[in-house]
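Residue numbers (UniProt numbering): 1 to 153.
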């Protein structure tokens, strides 16, 4: 157990730098390619940047296209252009592109074939407690409750 703990601490000390939430690791090209929700989030936010080739496909795989998009983003924002989504790059990406401008259009759950709809306002500071609303299929309020999202702080 001690050896495993030492190896984990050594790995974090050498390779790990604190990543801003929702990222938990640096993203880079490796074999096999890195995959996951963090890659999907990175790709989605990268596509919002004018310096990134919009042909980038959001597929959850951090391959050569993601590396190129990250390098373009880094270069455009005066970061070290390595193609690795490191802590500084992830923070810049979150600062510039985490707000998507979504507003609730008032659609009903029934119009989408569902029985319920939940609306949770999301703030830039995702650690802020907010008030969410549970609606029935016709947009009648069933419940209001406190909620806190997770991510960029």
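We put the CB at the ideal spot given by N, CA and C, even for glycine.
What residue from the options has the CA that sits closest to residue i's CA?
i	options	result
residue 63	48, 35, 86 and 72	35
residue 23	89, 141 and 113	89
residue 158	72, 25 and 33	Here the chain comprises residues numbered 1 to 153, so residue 158 is not present and cannot be evaluated.
residue 99	46, 28 and 117	46
residue 119	41, 142 and 50	142
residue 42	32, 65, 30 and 31	65
residue 140	110, 122, 32 and 17	110
residue 154	51, 144, 59 and 129	Any question about residue 154 goes unanswered here, given that the chain covers just 1 to 153.
residue 29	55, 51 and 67	67
residue 76	123, 128 and 51	51
residue 106	87, 133 and 145	133
Thinking residue i and residue j are a contact (beta carbons under 8 angstroms), I'd like their distance in whole angstroms, please.
i	j	result
residue 79	residue 94	Going by Cβ atoms, the distance from residue 79 to residue 94 rounds to 13 angstroms, so no, they are not a contact pair.
residue 137	residue 103	About 21 angstroms separates the two Cβ atoms, so there is no contact after all.
Using DSSP with H/G/I as helix, E/B as strand and the rest coil, what is residue i?
i	result
residue 85	strand
residue 143	strand
residue 160	Outside the displayed range of the chain (1 to 153) lies residue 160, so it cannot be described from this structure.
residue 56	coil
residue 69	helix
residue 109	coil
residue 18	coil
Let me confirm a value: residue i is counted as buried when at least 16 other C-beta atoms fall within 10 Å, else exposed. Which label applies?
i	result
residue 83	buried
residue 57	exposed
residue 69	buried
residue 38	buried
residue 115	exposed
residue 85	buried
residue 158	With the chain represented from 1 up to 153, any question about residue 158 goes unanswered, as that position is not in the structure.
residue 135	buried
residue 54	exposed
residue 117	buried
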